[in-house]
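Beneath this line is the structure, given in structure tokens, with notes to follow.
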Amino acid sequence: MSVTSDVPLLQARSLVKHYGHVVALDRADFELYAGEILGLIGDNGAGKSTLIKALTGAVIPDQGEILLDGEPVKFRSPLDARRAGIETVYQTLALAPALSIADNLFLGREQRSRGILGKLVGALDRGAMQQRAQDELNQLGIMTVQSIRQTVETLSGGQRQAIAVARAAAFGTRIVMMDEPTAALGVRESRRVLDLILTVKGRGLPIVLISHNMPHVFEVADRVHIHRLGRRLTVVDPKSCSMSDAVAMMTGAMAVA
Amino acid sequence: MVGISPPPNIRVAPADEPDFPSFGDTRSLKRLRLILQSFPSVVSVAVLIASILAFGIVIGSHFFTPFNLSLVLQQVTVISVLGAAQTLVILTAGIDLSVGALMVLCSVVMGVLAVDVGWPPILAVLMAFFAGAAGGALNGVLVTFAKLPPFIATLGTWNVFLALELWYSGSQTIVSQNILNRAPILQFFGNGTNVGPVRVTWGELLLFALFGIVWFFLDRTAWGRHVYAVGDDAEAARLAGINIDRVLLSIYVAAGVICAIAGWVLIGRIGSVTPQEGQTSNLDSITAVVIGGTSLFGGRGSLFATLIGALIVGVFENGLALAGVDVLWQNLAIGLLIVFAVIIDQQIRKLST
Chain X
339 MSVTSDVPLL
349 QARSLVKHYG
359 HVVALDRADF
369 ELYAGEILGL
379 IGDNGAGKST
389 LIKALTGAVI
399 PDQGEILLDG
409 EPVKFRSPLD
419 ARRAGIETVY
429 QTLALAPALS
439 IADNLFLGRE
449 QRSRGILGKL
459 VGALDRGAMQ
469 QRAQDELNQL
479 GIMTVQSIRQ
489 TVETLSGGQR
499 QAIAVARAAA
509 FGTRIVMMDE
519 PTAALGVRES
529 RRVLDLILTV
539 KGRGLPIVLI
549 SHNMPHVFEV
559 ADRVHIHRLG
569 RRLTVVDPKS
579 CSMSDAVAMM
589 TGAMAVA
Chain L
965 MVGISPPPNI
975 RVAPADEPDF
985 PSFGDTRSLK
995 RLRLILQSFP
1005 SVVSVAVLIA
1015 SILAFGIVIG
1025 SHFFTPFNLS
1035 LVLQQVTVIS
1045 VLGAAQTLVI
1055 LTAGIDLSVG
1065 ALMVLCSVVM
1075 GVLAVDVGWP
1085 PILAVLMAFF
1095 AGAAGGALNG
1105 VLVTFAKLPP
1115 FIATLGTWNV
1125 FLALELWYSG
1135 SQTIVSQNIL
1145 NRAPILQFFG
1155 NGTNVGPVRV
1165 TWGELLLFAL
1175 FGIVWFFLDR
1185 TAWGRHVYAV
1195 GDDAEAARLA
1205 GINIDRVLLS
1215 IYVAAGVICA
1225 IAGWVLIGRI
1235 GSVTPQEGQT
1245 SNLDSITAVV
1255 IGGTSLFGGR
1265 GSLFATLIGA
1275 LIVGVFENGL
1285 ALAGVDVLWQ
1295 NLAIGLLIVF
1305 AVIIDQQIRK
1315 LST
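Here the protein sequences come in this chain order: X and L.
Under the working numbering, the first residue of the first sequence carries the number 339, and numbering increases by one thereafter.
Under the working numbering, the first residue of the second sequence carries the number 965, and numbering increases by one thereafter.
So this is what it looks like as structure tokens:
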């Protein structure tokens, strides 16, 4: 199916999710179009995380539907979403610090050797994995790591973030979700990660960027989805809407224009 | 659109500054940690070599004979095999207090079935392997499905296995002569061949073969990477799509089977089947793992380290005994080594935070 800008690549209609009496998602809508970076902002507790979890299979919504390329899909686990080509960069990064960069990139989907040992006991094709990991980091311009065999714990916060993004970019065939990728980083490292996000976009992968950092969102996003009280309040164009107006809408201080 | 300009109090590095400080210009303590982190066995290997040299100098020719050094290896064979089982569990950030009791239970199953009941010895051995796998599976089910902390789960099964082994054997030793008459294969791993002045037992060869196989699985298979990931950061492993319960269950079953192998080697080592044997084996196996440098917090360490750890203990016990030192000083030395090893581990772990 060809993707045009009219058909959202990923769409959610009227998602509802209750936790007991708490309504985390209240008929929330969502649209992501091919090739764009969608900023997702909202106050704490607005339901951003629940929305993303519903879109990536980590939470199963009570009502509503999710469409991928216009086709209804039901993700029962994060693995389902991954198989559909949706990768998530978690705020916690989900890296194993004592394993090497290459082992982390392939964690959970290791390449097996073609020989008999690969079939029988799952022997690794470590050479191929390291080669592909190196290629991936080179393509994304993450040249600064010294060796692909280096363990992740020897890396700085920004480098770790870059590895997590590289993993998502390497395996995400359709969409990359990023949860607060710059929250724990300093100014220079944030800069590098933002550049990395633009590089991933340049490959044609659409990105959902959840962040509390308005300057970051407004710098890289093509559209900004403002979430409030469990639903989408509005979508604004970062070129025409000011940051302070977006924050005012997000907190309820200003009505949607 | 608002540009990003850093607040004036934040120092922005000049463009020509390298992206990362190279390791050379960090402080020496951090540098030391990095070396330890990259090669965690460096310390234990150095301790092993230093202790062999020290005992060689102090005790002299008694200690440094090929015969005595091969004796050390024979003395640590059983605990090393058991240490392999313990290493698997500790890599997943668990601990297994039941390995010693399960080992003796398996040796009792082998001995009673083959000698008292009269089963063909090979069937008795297979049954002991099955018992080991079942005992390990019980531990695994308690840790995964019942969600018990491994310490508590295996504290319970330790006592269960202890009771079973005393009940099944009737607290009776099966003496060496009876085993030799009816099921000599049970003593196989105590036999061996002489290579010059050195005695090489089949148990030692088994030890190296077992370590080679388990190393391959840990280092060269997807399963092994998952074991390390689960021990390192279980939540990261889960998000990466790894089935944590399945990994843990497989680890405990594998540990149980290795306990059965250790039980077989134990019969070869002591000649008889003795239910009262191996009372401290569980703690001795933990000692070997920890002194080798494997982290009790999971995700870091290796089988090689455990072998080194077991050899360090063996060298200290043998050397201090040859020097005529009271046993209590052996305990003191081992105790200090454990504390030293854990301090090193803490230093290494600081790096990753």
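Positions of the beta carbon are idealized from the N, C-alpha and C atoms, including for glycine.
*Name the chain L residues whose beta carbon is nearer than 8 Å to that of X/E518?*
Residue numbering aside, residue 518 of chain X sits at position 180 when the first sequence is read from its first letter. Residues of chain L passing the Cβ test: none, with the nearest at roughly 15 Å.
_In this structure, how does DSSP classify X/S352 when only helix, strand and coil are distinguished?_
On the first sequence, position 14 is the one that residue 352 of chain X refers to. Strand.
_Assigned exposure category for L/E1241 - 16 Cβ within 10 Å defines buried_ = Along the second sequence, one-based indexing puts residue 1241 of chain L at 277. Classification of L/E1241: buried, given that the 10 Å Cβ count is 16 or more.
_DSSP state of L/G1134 mapped onto helix, strand, coil_ = Counting from 1 along the second sequence, the entry for residue 1134 of chain L is found at position 170. In this structure, L/G1134 counts as coil in the three-state DSSP scheme.
*Residues of its chain near X/P346, where Cβ-Cβ distance is below 7 Å and the 5 sequence neighbours each way are ignored*: As a position in the first sequence, residue 346 of chain X is number 8, starting the count at 1. Once the five neighbours on either side are set aside, the close Cβ partners of X/P346 are E369, L370 and Y371.
*Have a look at the DSSP bridge pairing and note the partners of X/N476.*
As a first step, residue 476 of chain X must be located in the first sequence, where it is residue number 138. Answer is none; X/N476 lacks a bridge partner.
*X/L475 to X/R541, Cα distance in whole Å?*
Within the first sequence, the letter at position 137 stands for residue 475 of chain X. Within the first sequence, the letter at position 203 stands for residue 541 of chain X. X/L475 and X/R541: Cα-Cα distance of roughly 14 Å.
*With a Cβ-Cβ cutoff of 8 Å, do X/N338 and X/I535 count as a contact?*
Look at the range of chain X in this structure, 339 to 595, and you will see that residue 338 of chain X is not part of it.
*asked:* Output needed for L/V1068: all residues of its chain with C-beta closer than 7 Å, excluding positions within five of it in sequence on either side, in chain order.
replied: As a working mapping, residue 1068 of chain L is identified with position 104 in the second sequence. The residues are E1129, G1227, P1239, E1241 and G1242.
*Between the beta-carbon of X/I379 and the beta-carbon of X/I564, is there less than 8 Å?*
The sequence position of residue 379 of chain X within the first sequence is 41, counting from 1. The sequence position of residue 564 of chain X within the first sequence is 226, counting from 1. Closer than 8 Å, so yes.
*Any heavy atom of the ligand SAH within a distance shorter than 7 Å of the CB on X/R529?*
Absent from the structure shown: the ligand SAH. Ligands present: none.
*asked:* Counting only Cβ-Cβ distances shorter than 9 Å, please list the residues of the stretch 430–447 of chain X near chain L, keeping chain order.
replied: T430, L431, A432, L433, A434, P435, A436, L437, D441, N442, F444, L445, G446 and R447
_For X/P410, the three-state DSSP class (helix, strand or coil)_ = Within the first sequence, the letter at position 72 stands for residue 410 of chain X. The answer is strand: DSSP assigns X/P410 an E or B state.
*Give the interface partners of L/G1263 over in chain X, defined as CB-CB distance under 9 Å, in chain order.*
Here residue 1263 of chain L corresponds to residue number 299 of the second sequence, with the count starting at 1. A434, P435, A436 and L437, listed in chain order.
*Secondary structure at L/F1027, three-state DSSP: helix, strand or coil?*
Within the second sequence, numbered from 1, the residue matching residue 1027 of chain L stands at position 63. Reduced to three states, the DSSP call for L/F1027 is coil.
_Residues of its chain near L/G1167, where Cβ-Cβ distance is below 6 Å and the 5 sequence neighbours each way are ignored_ = Reading the second sequence from its first residue, position 203 is the one you call residue 1167 of chain L. Counting only Cβ-Cβ distances below 6 Å, and skipping sequence neighbours, we find T1041, F1153, V1229 and G1232.
_Within the continuous alpha helix (DSSP H) that includes X/V503, where are the two ends?_
Numbered from its first residue, the first sequence carries residue 503 of chain X at position 165. First-last of the alpha helix (DSSP H) with X/V503: G495 to F509.
*Can you tell me the Cα-Cα spacing of L/K1314 and L/G1278, whole angstroms?*
Locating residue 1314 of chain L in the second sequence gives position 350, where the first residue counts as 1. Locating residue 1278 of chain L in the second sequence gives position 314, where the first residue counts as 1. About 30 Å.
*Give the C-beta separation of L/I1059 and L/I1250 to the nearest angstrom, bearing in mind that I take them to be a contact with Cβ-Cβ under 8 Å.*
Against the second sequence, residue 1059 of chain L aligns to sequence position 95. Against the second sequence, residue 1250 of chain L aligns to sequence position 286. Correct: roughly 7 Å between the Cβ atoms.
*Could you name the residues of chain L that X/G402 contacts, counting a contact when the two beta carbons are closer than 7 Å?*
Here residue 402 of chain X is taken as the residue at index 64 of the first sequence, counted from 1. Result: empty, since nearest Cβ-Cβ is about 24 Å, beyond 7 Å.
*For X/T489, which of helix, strand or coil comes out of DSSP?*
Within the first sequence, residue 489 of chain X is the residue found at index 151, counting from 1. In the structure shown, X/T489 sits in a strand (DSSP, three-state: E or B).
*Measuring only between beta-carbons, confirm whether X/L405 sits less than 8 Å from chain L.*
For the purposes of this step, residue 405 of chain X is taken as the residue at position 67 of the first sequence. False, the Cβ-Cβ gap to chain L never drops below 8 Å.
*In this structure, what does DSSP give as the bridge partners for X/V562?*
For the purposes of this step, residue 562 of chain X is identified with residue 224 of the first sequence, where counting begins at 1. Bridge partners of X/V562: X/G377 and X/V574.
*Measuring alpha carbon to alpha carbon, tell me which of L/V1178, L/V1081, L/G1047 and L/D1197 ends up nearest X/A461.*
Along the first sequence, one-based indexing puts residue 461 of chain X at 123. Nearest option by C-alpha distance: L/V1178.
*Min CB distance X/V573 to chain L below 8 Å*: For the purposes of this step, residue 573 of chain X is identified with residue 235 of the first sequence, where counting begins at 1. So, not an interface residue.
*the stretch 514–529 of chain X touching the stretch 545–561 of chain X, judged by at least three CB pairs closer than 8 Å*: yes
*So is L/D1196 in contact with chain X if we call contact Cβ pairs under 8 Å?*
Along the second sequence, read from residue 1 onward, the residue named residue 1196 of chain L stands at position 232. Yes - at least one Cβ of chain X is within 8 Å of the one on L/D1196.
*In terms of residues, what are the limits of the alpha helix (DSSP H) holding L/D1209?*
Here the question's residue 1209 of chain L lines up with position 245 in the second sequence. Here the alpha helix (DSSP H) through L/D1209 covers I1208 to I1234.
*My understanding is that L/A1274 touches L/G1047, with C-beta atoms under 8 Å, so please give their C-beta distance in whole angstroms.*
Here residue 1274 of chain L refers to the residue found at position 310 of the second sequence. Here residue 1047 of chain L refers to the residue found at position 83 of the second sequence. Indeed, because the Cβ distance is near 5 Å, the residues count as touching under 8 Å.
_Per-residue contacts from X/G510 into chain L (C-beta, under 8 Å)_ = Position 172 of the first sequence, counted from the first residue, corresponds to residue 510 of chain X. The contacting residues do not exist; X/G510 stays about 14 Å from chain L at best.
*Between which two residues does the alpha helix (DSSP H) harbouring L/I945 extend?*
Absent from the model: residue 945 of chain L. The displayed extent of chain L is 965 to 1317, so no value can be given.
_L/G1195 and L/G1263 - do their beta-carbons sit closer together than 8 Å?_
On the second sequence, position 299 is the one that residue 1263 of chain L refers to. On the second sequence, position 231 is the one that residue 1195 of chain L refers to. Yes, the pair counts as a contact, with Cβ atoms nearer than the cut-off.
*If we ignore side chains and look at the alpha-carbon of each, how far apart do X/E349 and X/T426 end up?*
Taking the first residue of the first sequence as position 1, residue 349 of chain X is located at position 11. Taking the first residue of the first sequence as position 1, residue 426 of chain X is located at position 88. The question names Glu, yet the displayed sequence has Gln at residue 349 of chain X. Straight-line Cα distance between these residues: approximately 16 Å.
*So which residues on chain L does X/V397 lean against when the C-beta distance must stay under 9 Å?*
Translated into positions along the first sequence, residue 397 of chain X becomes position 59. What X/V397 touches in chain L: nothing, since even the nearest Cβ is about 14 Å away.
*By the criterion of Cβ-Cβ separation under 8 Å, what are the contact partners of X/R450 in chain L?*
Here residue 450 of chain X is taken as the residue at index 112 of the first sequence, counted from 1. Per Cβ cutoff of 8 Å: A1186.
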